[in-house]
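K.L.:
Residue numbering for the sequence shown follows our numbering, starting at 18 and increasing by one per position. Pasting a structure below so you can have a look.
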Amino acid sequence: MIAKKPPMGWNSWNTFGRDINEQLILDMARKISETGLQSAGYNYIVIDDCWSLKQRDKNGRLQPDPEKFPNGMKAVADALHEMGFKFGMYGCAGTLTCDGYPGSFDHEYVDAATFAEWGVDFLKYDYCFHSNLIHGRYLYRRMGLALKNCGRDILFSACTWGNDDTAKWIRETGANMWRSTPDVFDTWESVKKIIDAQSNILPYGGAGCFNDMDMMVVGMRGKGNVGLEGLNDDQYLLHFSVWALLGSPLFIGCDLREIDDATLNILKNKEVIAINQDAGCRQVMELHPLWAPQIKAYARYLENGDIAVGFFNLSEKEQLLRYEFEELGVQESTGKTLMLHDVWSGEEFRLENCSVWRNMKPYETLLFRCRVIDK
Ligand code: GLA
Numbered sequence: 018m019i020a021k022k023p024p025m026g027w028n029s030w031n032t033f034g035r036d037i038n039e040q041l042i043l044d045m046a047r048k049i050s051e052t053g054l055q056s057a058g059y060n061y062i063v064i065d066d067c068w069s070l071k072q073r074d075k076n077g078r079l080q081p082d083p084e085k086f087p088n089g090m091k092a093v094a095d096a097l098h099e100m101g102f103k104f105g106m107y108g109c110a111g112t113l114t115c116d117g118y119p120g121s122f123d124h125e126y127v128d129a130a131t132f133a134e135w136g137v138d139f140l141k142y143d144y145c146f147h148s149n150l151i152h153g154r155y156l157y158r159r160m161g162l163a164l165k166n167c168g169r170d171i172l173f174s175a176c177t178w179g180n181d182d183t184a185k186w187i188r189e190t191g192a193n194m195w196r197s198t199p200d201v202f203d204t205w206e207s208v209k210k211i212i213d214a215q216s217n218i219l220p221y222g223g224a225g226c227f228n229d230m231d232m233m234v235v236g237m238r239g240k241g242n243v244g245l246e247g248l249n250d251d252q253y254l255l256h257f258s259v260w261a262l263l264g265s266p267l268f269i270g271c272d273l274r275e276i277d278d279a280t281l282n283i284l285k286n287k288e289v290i291a292i293n294q295d296a297g298c299r300q301v302m303e304l305h306p307l308w309a310p311q312i313k314a315y316a317r318y319l320e321n322g323d324i325a326v327g328f329f330n331l332s333e334k335e336q337l338l339r340y341e342f343e344e345l346g347v348q349e350s351t352g353k354t355l356m357l358h359d360v361w362s363g364e365e366f367r368l369e370n371c372s373v374w375r376n377m378k379p380y381e382t383l384l385f386r387c388r389v390i391d392k
């Protein structure tokens, strides 16, 4: 399976942690569908840790907790497939999962076969309780190979938190996405930390094996398993925009039964999703606005010749943005300039003197799709 575009969906961990069951998962799937999120592209439903019993069965197979999943995992898979979703599950490269359930170490083939039998389409594979004697690259190669030989296309989602220089070896293991940072929490500090950690690894993301910045906290509003203080709407919008522009997989983590309109407007913005899902999957460039270290800026060339350009004020203070577009290969002497289309406000304007000067409000996002035009 080649993941041609960043996978999108919903994952149970951020809000529900251990409190998961069949009913809840299917309710979430129905909500994704009813709210229009499924048609916006969110099509993987992923059950995270804590779905199994603490022991394997007599044949050494993982078994679902019958209180949480009384009809087994195949029944969940069938119901999700029926609704047009793909089904994701969770395992771990160590002897135990992060929450203490059986891990797949030395059971890679039997577990891959079990997941395939159940109709699983996606495996998040964690890194807790792994041997310190075996480097992570070998543990992920083991499961990568097992999945490739299990008879079913299963997207391999590695979750090593960026440890052990993950970026440098994860693609070789057959992984289709890889977590580049420690766990996200629903706080501004956590989101900012994840953003700050991206600069050195921008060259490593891309088609087939995407840099996963973790499940999004957009709309959690401080509730649930990783819910702490929550973010304000400007911060949630900034968070979503950076994940999208940097080409991260987009997994929703909030409780969809309580999702509000502000959150839906963020998560369903078609133009932002189109930037994330752009077929080119080009490497992201980090840009350098003048005199404003608190403004993060990135750009990505898109497949149709446009450029996606984002400016993000990460500070609680107003900042002056001054950006010269020559860095992006735009030169007026060539007879061309850009038409900037703001994908959040809809505003359009022509680039003058190859530069943009603006005051940016605290936590403001400016995300443009730029079209090359005659000067
Ligand atoms: C790790 C992962 C999280 C989540 C938990 C489950 O911390 O990074 O995303 O899967 O384990 O226990």
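We treat Cβ as the ideally placed atom computed from N, Cα and C, and that holds for glycine. A quick note: this is a predicted structure, and the numbers were derived from the prediction, not measured.
How many whole angstroms separate the CB atoms of Phe-227 and Pro-266, which I take to be in contact at a CB cut-off of 8 Å?
P.N.:
Along the sequence shown, one-based indexing puts residue 227 at 210. Along the sequence shown, one-based indexing puts residue 266 at 249. Their Cβ separation, rounded to whole angstroms, is 6 Å, which keeps Phe-227 and Pro-266 in contact under 8 Å.
K.L.:
Would you kindly report the start and end of the unbroken beta strand (DSSP E) that includes Glu-341?
P.N.:
For this step, residue 341 is matched to residue 324 along the sequence shown. Counting along the chain, the beta strand (DSSP E) containing Glu-341 begins and ends at 336-341.
K.L.:
Do Lys-392 and Gly-363 have their C-beta atoms closer together than 8 Å?
P.N.:
The residue given as residue 392 occupies position 375 in the sequence shown. The residue given as residue 363 occupies position 346 in the sequence shown. Not closer than 8 Å, so no.
K.L.:
Threshold first: 4 residues or longer. Then list the alpha helix (DSSP H) segments lying entirely within the segment 94-135, N to C.
P.N.:
Correct list: 125-135.
K.L.:
Taking one C-beta from the segment 280-298 and one from the segment 178-187 each time, how about it: are there three or more such pairs within less than 8 Å?
P.N.:
Because the criterion of three Cβ pairs below 8 Å is not met, the segment 280-298 and the segment 178-187 do not touch.
K.L.:
Helix, strand or coil for Lys-313 per DSSP?
P.N.:
Position 296 of the sequence shown, counted from the first residue, corresponds to residue 313. In the structure shown, Lys-313 sits in a strand (DSSP, three-state: E or B).
K.L.:
Residues in the same chain with beta-carbon distance under 7 Å from Ser-69, minus the five sequence neighbours each way, listed in chain order, please.
P.N.:
Stepping through the sequence shown from its first residue, residue 69 is reached at position 52. Correct list, in chain order: Leu-79, Gln-80, Pro-81, Asp-82, Tyr-118 and Pro-119.
K.L.:
Taking 8 Å as the threshold (C-beta atoms), are Val-235 and Asn-286 in contact?
P.N.:
Numbered from 1 along the sequence shown, position 269 holds the residue referred to as residue 286. Numbered from 1 along the sequence shown, position 218 holds the residue referred to as residue 235. No, they are not a contact pair.
K.L.:
Near Asp-65, which residues of its chain fall below 7 Å by C-beta distance, leaving aside the five closest residues on each side in sequence?
P.N.:
For the purposes of this step, residue 65 is identified with residue 48 of the sequence shown, where counting begins at 1. Closer than 7 Å at the Cβ level, and outside the excluded window around Asp-65, lie Asn-28, Ser-29, Trp-30, Tyr-107 and Lys-141.
K.L.:
For Ala-397, does the three-state DSSP call read helix, strand or coil?
P.N.:
Only positions 18 to 392 of the chain appear in the structure, and residue 397 is not among them; the question remains open.
K.L.:
Reducing DSSP to helix, strand and coil, say where Ser-216 ends up.
P.N.:
Working through the sequence shown from its first residue, we reach residue 216 at position 199. Looking at Ser-216 - three-state DSSP - the assignment turns out to be helix.
K.L.:
Going by C-alpha to C-alpha distance, which of Leu-355, Cys-371, Ser-372 and Trp-374 sits closest to Glu-365?
P.N.:
Translated into positions along the sequence shown, residue 365 becomes position 348. Glu-365 has its Cα closest to that of Leu-355, out of Leu-355, Cys-371, Ser-372 and Trp-374.
K.L.:
Tell me where the alpha helix (DSSP H) around Val-137 begins and ends.
P.N.:
Against the sequence shown, residue 137 aligns to sequence position 120. Segment: none, Val-137 is in no alpha helix (DSSP H) and carries neither H nor E.
K.L.:
Could you give the residue range of the beta strand (DSSP E) that holds Thr-190?
P.N.:
Taking the sequence shown and counting its residues from 1, one reaches residue 190 at position 173. From DSSP, Thr-190 is part of no beta strand (DSSP E); its letter is neither H nor E.
K.L.:
Around the Cβ of Ala-325, are there at least 16 other Cβ atoms within 10 angstroms (buried) or fewer (exposed)?
P.N.:
Start at 1 with the first residue of the sequence shown, and residue 325 comes out as number 308. So Ala-325 ends up on the buried side.
K.L.:
Determine, using beta carbons only, whether His-98 and Gly-58 come nearer to each other than 8 Å.
P.N.:
Taking the sequence shown and counting its residues from 1, the one referred to as residue 98 is at position 81. Taking the sequence shown and counting its residues from 1, the one referred to as residue 58 is at position 41. No, they are not a contact pair.
K.L.:
Alpha carbon to alpha carbon, what distance is there between Arg-196 and Ser-216?
P.N.:
Stepping through the sequence shown from its first residue, residue 216 is reached at position 199. Stepping through the sequence shown from its first residue, residue 196 is reached at position 179. Straight-line Cα distance between these residues: approximately 15 Å.
K.L.:
Could you check if Tyr-155 belongs to the surroundings of the ligand GLA, using beta carbon to heavy atom distance under 7 Å?
P.N.:
In the sequence shown, counting from the first residue as 1, residue 155 sits at position 138. No, Cβ of Tyr-155 sits at least 7 Å from all heavy atoms of the ligand GLA.
K.L.:
Have a look at Ser-350 and Gly-222 and give me their C-alpha separation to the nearest angstrom.
P.N.:
Mapped onto the sequence shown, residue 350 falls at position 333. Mapped onto the sequence shown, residue 222 falls at position 205. Roughly 33 Å between the two C-alpha positions.
K.L.:
In whole angstroms, what separates the C-alpha of Ile-171 from that of Phe-139?
P.N.:
Mapped onto the sequence shown, residue 171 falls at position 154. Mapped onto the sequence shown, residue 139 falls at position 122. For Ile-171 and Phe-139, the distance between alpha carbons rounds to 5 Å.
K.L.:
Mapping DSSP to helix, strand and coil, what is Lys-85?
P.N.:
For the purposes of this step, residue 85 is identified with residue 68 of the sequence shown, where counting begins at 1. Coil at Lys-85, not helix or strand.
K.L.:
Excluding sequence positions up to five away, which residues of its chain have a Cβ less than 6 Å from the Cβ of Pro-24?
P.N.:
Here residue 24 refers to the residue found at position 7 when the sequence shown is read from its first residue. Excluding sequence neighbours, Pro-24 sits near Tyr-61 and Pro-266.
K.L.:
Could you say which of Leu-273, Phe-385 and Met-160 lies nearest to Lys-240 if we only look at CA atoms?
P.N.:
Counted from its first residue, the sequence shown places residue 240 at position 223. The residue with the shortest Cα to Cα distance from Lys-240 is Leu-273.
K.L.:
Would you list the one or two residues that DSSP bridges to Lys-353?
P.N.:
Residue numbering aside, residue 353 sits at position 336 when the sequence shown is read from its first letter. Lys-353 pairs with Asp-391.
K.L.:
I believe Met-230 touches Ile-211 by the beta-carbon criterion, under 8 Å. Please report the beta-carbon distance rounded to the nearest angstrom.
P.N.:
For the purposes of this step, residue 230 is taken as the residue at position 213 of the sequence shown. For the purposes of this step, residue 211 is taken as the residue at position 194 of the sequence shown. Between Ile-211 and Met-230 the Cβ distance is about 5 Å, and since that is below 8 Å, they are a contact.
K.L.:
Please find out if some non-hydrogen atom of the ligand GLA comes closer than 7 Å to the beta-carbon of Tyr-221.
P.N.:
Taking the sequence shown and counting its residues from 1, one reaches residue 221 at position 204. Answer for Tyr-221: no, Cβ out of range of the ligand GLA.
K.L.:
I'd like to confirm the pairing. Which residues does DSSP put opposite Val-373 in its beta bridges?
P.N.:
Residue mapping note: residue 373 aligns to position 356 of the sequence shown, counting from 1. Per DSSP, Tyr-340.
K.L.:
Taking 7 Å as the cut-off, is the beta-carbon of Trp-178 closer than that to any non-hydrogen atom of the ligand MG?
P.N.:
Within the structure as shown, the ligand MG is missing, the only ligands being the ligand GLA.
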